[in-house]
Amino acid sequence: MVPQISIRKPAVAGQFYPSSAKDINTMISSFADKGAQKNDAIGCVLPHAGYIYSGKVAVATVSRINIKDTVVLLGPNHTGLGADFSIMPQGSWQTPLGNIEINSELANSFLSKSGYLKGDTLAHLDEHSLEVELPILQYFRRDFKIVPIAIKTGSLAVLNEIAQSLAGVINEKHLKGSITLIASSDMTHYEPQKNAEKKDSLAIEAITALDEQRLESAIREFNISMCGFAPVAVLIKAAKLLGAKTGKLIKYQTSADATRDTASVVGYAGITIY
3 MVPQISIRKP AVAGQFYPSS AKDINTMISS FADKGAQKND AIGCVLPHAG YIYSGKVAVA
63 TVSRINIKDT VVLLGPNHTG LGADFSIMPQ GSWQTPLGNI EINSELANSF LSKSGYLKGD
123 TLAHLDEHSL EVELPILQYF RRDFKIVPIA IKTGSLAVLN EIAQSLAGVI NEKHLKGSIT
183 LIASSDMTHY EPQKNAEKKD SLAIEAITAL DEQRLESAIR EFNISMCGFA PVAVLIKAAK
243 LLGAKTGKLI KYQTSADATR DTASVVGYAG ITIY
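What the sequence shown shows, in our numbering, is residues 3 to 276, in sequence order.
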């Protein structure tokens, strides 16, 4: 039986990021670009590793966007639990910086529009890919709501249908100006630095060109181990339906920036979409 919860507790506080509000704020402040100009992005791609590895990339990216009233969070499902395309439709998510309410009205509108999205809690209980973005978003704004969506996998046709459902609801309800779309993904996993940089550049070029088919082709042809292809593909398609024209790479680095080990790295990219 799928557990019904009203508050989704932190699963990776003290592991991927600090467990105290003070330490979170101190760490994010050390990463933040205080002079960054903020823009009204339709969406962005953020990494989701531990903050010591990918925090600088995520914070540099969020530093440059205006966080809207509701953040639609799209992330990969690493645990394999729950529905293939899962929205947690009600309740709130807790972090050391406070609780974030789910926008239930919007979540239920998405569920009604899509033939694939399912209301589900199990997929979200232990999944880190969305959770790690929340304290970073809270550092810059405290009064936003979320719609958490976890995606296991899916053909491009299915992902496009989900994107069309999301964009359709947003357009029908005239919510474009009050929603930020965020896709959570790390890039190449556990390859030498030069290999990772080369492969990731191909994926980044496809994302900034807003070409989900080119991204899928690059991943397949060059065996790019990007864990969040599905969420990013949904983001690209939905953003285009909402009027996006281009993407911009804000920052790229690898785990070697923290570990100094270039023999086996994970890549991290922060990209904004306008």
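All C-beta atoms, glycine included, are put in the ideal place defined by N, C-alpha and C.
Item, Value
"Please name the residue in A265, D263, I275 whose C-alpha comes closest to that of L251.", "I275"
"What's the call for R10, buried or exposed, on a 16-neighbour Cβ count within 10 Å?", "buried"
"With distances taken Cα to Cα, identify the nearest neighbour of S111 among L75, V171, L136.", "V171"
"Tell me the DSSP secondary structure of L251 in three-state form.", "strand"
"Please confirm if the segment 178-189 is in contact with the segment 112-127, defined as three or more CB-CB distances below 8 Å between the two stretches.", "no"
"In three-state terms, what does DSSP make of A271?", "strand"
"Can the beta-carbon of V178 be found closer than 8 Å to that of L244?", "It should be pointed out that residue 178 corresponds to Lys in this sequence rather than to Val. The answer is yes: Cβ separation under 8 Å."
"Take M3 and list the residues in its own chain whose beta-carbon comes closer than 6 Å to its own, dropping the five residues that flank it on each side.", "Because the pLDDT at M3 is just 48, under 50, the model does not fix this residue reliably, and the point stays unresolved."
"With respect to the beta strand (DSSP E) encompassing H130, which residues constitute its N-terminal and C-terminal limits?", "Looking at the DSSP string, H130 is not in any beta strand (DSSP E); the run it does join, the alpha helix (DSSP H), is 130-133."
"Please classify V171: does DSSP put it in a helix, a strand, or coil?", "helix"
"Whose CA, out of A62, V160, Q39, P12, lies closest to the CA of M29?", "A62"
"Following the continuous alpha helix (DSSP H) through V234, name the residue where it begins and the one where it ends.", "231-243"
"Please return the same chain residues whose Cβ sits closer than 8 Å to the Cβ of P98, not counting the five positions on each side in sequence.", "P12, A15, P20, S21, S22, A23, I26, P137"
"According to the Cβ coordinates, are S94 and I164 closer than 8 Å?", "no"
"If A60 sits next to E135, beta carbons under 8 Å apart, how far is it from one beta carbon to the other, in whole angstroms?", "7 Å"
"Give me the Cα-Cα distance between I148 and I69, rounded to the nearest whole angstrom.", "11 Å"
"Once DSSP output is grouped into helix, strand and coil, what is the label at H191?", "strand"
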